[in-house]
Amino acid sequence: MNRIYLDTDVLLDFLYQREPFFGSAVRLMALVEAGKVRAYVSTLIIWNLHYFLQKEFGRKEAGRLLKDLRSLLQLISVDARIIDQALSSEIKDFEDSVQFFASQSEKISTIITRNKKDYPRDSVALLTCEEYLIGISH
23 MNRIYLDTDV
33 LLDFLYQREP
43 FFGSAVRLMA
53 LVEAGKVRAY
63 VSTLIIWNLH
73 YFLQKEFGRK
83 EAGRLLKDLR
93 SLLQLISVDA
103 RIIDQALSSE
113 IKDFEDSVQF
123 FASQSEKIST
133 IITRNKKDYP
143 RDSVALLTCE
153 EYLIGISH
């Protein structure tokens with residue numbers, strides 16, 4: 023089974039129905055829901071999503087949305103080792119650095135993101151939702 027790591031922007035596209043990215047995010051999440059792809063996120067992403075969602079929709083609705091989303095996702099705990107790697111990293115954005123090392127801790131070789139420039143390219147495949155969907159359909 024394909025294992026992928028989802029960046030925050032992909033999940034925000036899905037939850038906020040942001041166009042023009044929403045359609046591909048829905049198709050990707052449908053594959054996850056059908057069990058054809060196993061999607062991972064770090065616990066940091068859940069915190070970030072809750073922050074954004076509760077500002078937009080209120081605490082109760084944010085919790086409901088995240089419970090539904092959580093049922094589809096595998097969580098990677100952010101531990102001291104991941105934080106230390108992120109703090110020592112050359113990756114400029116700390117959140118992306120944490121996400122990168124979380125994905126590496128589970129040996130996930132594909133990150134789905136719209137922010138490819140923020141991640142190192144030499145050790146992981148960086149794909150948008152659309153690129154990933156095209157790749158698995160062939």
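Heads up: the sequence shown begins at 23 in the working numbering, then just goes up one per residue.
No residue lacks a Cβ here, since even glycine has one placed at the ideal position from N, Cα and C.
- Distance between P142 and S119, taken at the CA atoms: about 9 Å.
- Around S131, the same chain offers V146, A147 as residues with beta carbons nearer than 7 Å, after the five sequence neighbours per side are excluded.
- Listed in chain order, the non-local C-beta contacts of E55 below 6 Å within the same chain comprise L94, local neighbours out to five positions each way being set aside.
- Looking at the DSSP output, I133 shares a beta bridge with Y27, L148.
- By alpha-carbon distance to L53, the top candidate from K139, M23, F122 is M23.
- Around the beta carbon of Y62, a 10 Å sphere encloses 16 or more other beta carbons of the protein chains shown; the residue is thus reported as buried.
- Exposed is the label assigned to Q39, since fewer than 16 other Cβ atoms lie within 10 Å of its Cβ.
- Per DSSP, L95 lies in no alpha helix (DSSP H); the unbroken beta strand (DSSP E) holding it starts and ends at 95-98.
- At a Cβ-Cβ threshold of 8 Å, L75 and L37 count as neighbours.
- By the neighbour-count definition (other C-beta atoms within 10 Å, threshold 16), V32 is a buried residue.
- Within the same chain, V32, D35, F36, C151 come within 7 Å of A47 by CB-CB distance, once the 5 residues on both sides are set aside.
- Cβ-Cβ separation between F116 and A108: approximately 6 Å, consistent with a contact (criterion under 8 Å).
- For Y154, the closest of E41, M51, S111, S127 by C-alpha to C-alpha distance is M51.
- A Cβ-Cβ contact shorter than 8 Å links L88 with L71.
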